[in-house]
Amino acid sequence: MSNLKIFSKGFIKENPVFVLLLGMCPALAVTSSAINGLGMGLATLFVLVMSNLVVSIIKNLVPDKVRIPVFIVIIASFVTVVDLSMAGFAPALHAALGIFIPLIVVNCIVLGRSEAFASKNNVKTSLLDGLGMGLGFTFALTLLGAVREILGSGSIFGFKFIPGDAILAFILAPGAFIALGYLIAIINLLKKRYAK
Amino acid sequence: MAKKESTFINMVITLFVVTLLASTALGFVYEVTKEPIAKAKLAKKTAAIKNVMPDFSNNPVEAMYKIPGPEGYDSLEIYPAENNGKDIGAAVRTYSKKGYAGEVWLMVGFNPQGEIINIDVLEHKETPGLGTKMADAQFKDQFTGKHPEEYNLKVKKDGGDVDAITAATISSRAFAEAVQHAWEIYQKADKGESNE
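Protein chains in written order, with the working numbering: chain A, 149 to 344; chain B, 279 to 474.
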């Protein structure tokens, strides 16, 4: 697989949210606005890239039987770094994302990419993979957040274009499922068109 | 480089080294972010106090003391405010457990006569679009300038004077209860000071 393909597969072809359906918990829970989705996506992107990098460097030093605990320790460390830095330098975003930042540790995409990709590939392709997957995740979360924010509160990135309330349900939990369902359908349709 | 075998000693050494490195790195990050986090927290508190109290010249955060809360509640924090040595009231950090989704935290400012100056919503998990309206001026400004002795801090449904938010009576009730707690504590604080 060429480097470009490794990098770009995370966007549409193997998008973590729309195609692999991984990491649904933060994808559904924090995307009540575009900015929340973007923040969550970027935090996950950082953890993905850094853990992929470190895992691919040390992959031969780690005995097979203890690789999962080692990966988890690495991921948890980077998540804590994100958590502490966000609390210090972006307190408002930290308050909005709340519990979901520490929960990146158990996000299946991060461990999934470490186990399925970085532990078997070299540093360069692992970095590209982490970057691509992370950007794909960020793209998906921002898109989902934007759709829900536009429909639910009539604003985008906090900029209000409809006074008053919009379709409130889209800000609430059911709206997350409905919006995600339609987005997946649209992505599938586009993929089919492209394949032809 | 060949992959390390999963012998007992290899596994122990690997796990030991990885956890040691991770904790060292985290200790370093913690030290770096400690100050910005403390600053961000302080800034948030001071901003909330500034919101509910007119100009104070002292440092209410430093003068903060705690008074045991109503039955079943933790101690509440009082932030006495002074302007050039003159008592201009106090801000009380208060909460209610009766929110629609957990606790509702407020900062309530009282002037020396016991009238409510302003209220700031600190933290809550109420339903977006319904309970969150408690932070809107339309709801919380009805408390401004009211004296809790003449103004019954209960929603109208419960025989009080508070106009509840449409479709968010439970959130309104919790809001009113939190203000009531603040008032009870403020009275205690007042007496404590006059006894000195």
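Note that CB positions come from ideal geometry on N, CA and C, so glycine has one too.
From the DSSP output, in three-state form, read off S472 of chain B for me. Low per-residue confidence applies at S472 of chain B: pLDDT is 40, beneath 50, and the placement is therefore not dependable enough to give any value.
Run through DSSP, which three-state label would M342 of chain B get? coil
Just verifying my parser: in three-state terms, what is the DSSP assignment at N320 of chain A? As written in the sequence, residue 320 of chain A is Leu, which differs from the Asn given in the question. L320 of chain A falls in the coil class under three-state DSSP.
Along the segment 300 to 317 of chain B, what residues have a CB closer than 7 Å to any CB found in chain C? Included in the structure are the protein chains A and B, with no chain C among them.
With DSSP run on the structure shown, which of helix, strand or coil describes D398 of chain B? strand
Nearest-angstrom Cα distance between K466 of chain B and W383 of chain B? 20 Å
Comparing the C-beta of K282 of chain B with each C-beta of chain A, is any distance below 8 Å? yes
Where in the segment 247 to 313 of chain A do unbroken runs of the alpha helix (DSSP H), each at least 4 residues long, occur, reported from the N-terminal end onward? 256 to 261 and 271 to 301
Please go through the same chain and pick out, in chain order, the residues whose beta-carbon is closer than 8 Å to the beta-carbon of V218 of chain A, but skip the five residues on each side of it. I206 and V210
Where do the N-terminal and C-terminal ends of the alpha helix (DSSP H) with A177 of chain A fall, by residue? M172 to A177
Minimum Cβ-Cβ distance from A175 of chain A to chain B less than 8 Å: no
With 8 Å set as the bound, which would you pick, yes or no: does the beta-carbon of K435 of chain B sit closer than that to a beta-carbon of chain A? It does not: the Cβ of K435 of chain B has no partner Cβ on chain A nearer than 8 Å.
Which runs of the beta strand (DSSP E) fall wholly inside the segment 415 to 445 of chain B and span at least 3 residues, in chain order? Runs of the beta strand (DSSP E) lying entirely within the segment 415 to 445 of chain B and spanning at least 3 residues: none are present.
Cut-off 7 Å between Cβ atoms - residues of its own chain near N255 of chain A, not counting five sequence neighbours on either side: G171, P174 and T192
Through-space distance from S374 of chain B to A456 of chain B, alpha-carbon basis: 5 Å
State whether the segment 158 to 169 of chain A contacts the segment 327 to 335 of chain A, with contact taken as three or more CB pairs (one from each stretch) at a distance under 8 Å. In the pairwise beta carbon analysis, the segment 158 to 169 of chain A is classified as touching the segment 327 to 335 of chain A: at least three pairs are separated by under 8 Å.
Chain-ordered neighbours of P406 of chain B on chain A, where CB pairs are closer than 7 Å: Those are S180, I319 and L320, listed as they occur along chain A.
With a threshold of 6 Å on Cβ separation, who are the neighbours of K418 of chain B within its own chain once the five nearest residues in sequence on each side are excluded? Hits under 6 Å: I397.
Which residues, taken in chain order from the segment 234 to 256 of chain A, show a beta carbon closer than 7 Å to some beta carbon of chain B? Under the 7 Å Cβ criterion, the segment 234 to 256 of chain A contributes A235, G236, F237 and P239.
Excluding sequence positions up to five away, which residues of its chain have a Cβ less than 7 Å from the Cβ of V330 of chain B? A369, M385, V386, G387, I395, N396, I397 and D398
Looking at the strands, I want to know which residues DSSP matches up with E360 of chain B. B:D365
At least one CB of chain B closer than 8 Å to the CB of L152 of chain A: is that the case? no
Which same chain residues end up closer than 7 Å to K308 of chain A when comparing Cβ atoms and leaving out the 5 residues on each side of it in sequence? G302
Beta-ladder partner(s) of F388 of chain B, from DSSP: Note: F388 of chain B sits in a beta bridge opposite B:A368 and B:I394.
Which stretch, first to last residue, makes up the alpha helix (DSSP H) that contains L408 of chain B? It is not in any alpha helix (DSSP H) - L408 of chain B carries neither H nor E in the DSSP assignment.
Under a three-way DSSP split, which group does K466 of chain B fall into? helix
Closer than 8 Å to chain A by CB, K328 of chain B: no
Thinking C-alpha only, which one of B:E381, B:Y429 and B:T444 is nearest G437 of chain B? Shortest Cα-Cα distance from G437 of chain B to any of B:E381, B:Y429 and B:T444 involves B:Y429.
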